[in-house]
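The numbering of the sequence shown is this note's numbering, which starts it at 49 and goes up by one.
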Amino acid sequence: MLRASGQVAGQVVELTAVTEEAAGDAGVQHGARLLAFTDAAMGADDALLDRERRALGAVLSPEAFVDACALVAAFNVVDRIADATGIPLDPMLHAASGEVRAELGLSRFGSAANTPGVS
């Protein structure tokens with residue numbers, strides 16, 4: 049979705065920023081702050097999360113801040129459900145996402161074993 053929305057907006061988005069260290073904003077306004085907040089939200093350091101939450105709130109409007117927090121939470125829960133149940137990719141999504149999955153090296157994560165490939 050991020051790649052497609054970036055293309056529609058005429059932006060080049062550095063997708064590898066979600067799996068690797070990125071320099072700058074990765075082509076997304078406030079991208080560095082968003083990535084730092086997301087990493088903190090997925091971690092176990094409450095003090096870091098509090099700092100990153102305040103830092104993100106300082107650069108976003110209140111509405112954008114709520115949207116960003118909700119998006120991180122939604123993706124977190126969807127990912128956990130998919131990992132827990134081993135939901136396989138349907139054939140259309142498997143074919144459409146192959147390039148992105150390879151570019152990001154998603155098969156290197158242990159949770160990739162929870163989602164069997166499509167035959």
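We put the CB at the ideal spot given by N, CA and C, even for glycine.
Everything numeric in this text was worked out from a predicted model, so none of it was measured.
In terms of residue numbering, what span does the alpha helix (DSSP H) encompassing residue i cover?
| i | result |
| --- | --- |
| D138 | Run containing D138: none; DSSP gives neither H nor E here. |
My understanding is that residue i touches residue j, with C-beta atoms under 8 angstroms, so please give their C-beta distance in whole angstroms.
| i | j | result |
| --- | --- | --- |
| D131 | S159 | 5 angstroms |
| F85 | E62 | The pair is not a contact, with the Cβ atoms about 17 angstroms apart (cut-off 8 angstroms). |
Excluding five sequence neighbours on each side, which residues of the same chain lie with their C-beta closer than 8 angstroms to the C-beta of residue i?
| i | result |
| --- | --- |
| L82 | V76, L104, A116 |
| G72 | G79, A80 |
Considering only residues of the same chain and omitting the five flanking positions on each side of residue i, which have a CB-CB separation below 7 angstroms?
| i | result |
| --- | --- |
| Q59 | G75 |
| E18 | Since the first and last residues shown for the chain are 49 and 167, residue 18 lies out of range. |
| L154 | A160 |
Quiz item: For the 8 angstroms Cβ check, are there 3 or more pairs between the segment 114 to 124 and the segment 81 to 97?
Solution: yes
Quiz item: Are the segment 98 to 113 and the segment 68 to 82 touching by the rule of at least three beta carbon pairs closer than 8 angstroms?
Solution: yes
Self-check item: Whole runs of the beta strand (DSSP E) within the segment 80 to 162, excluding any shorter than 3 residues
Solution: none
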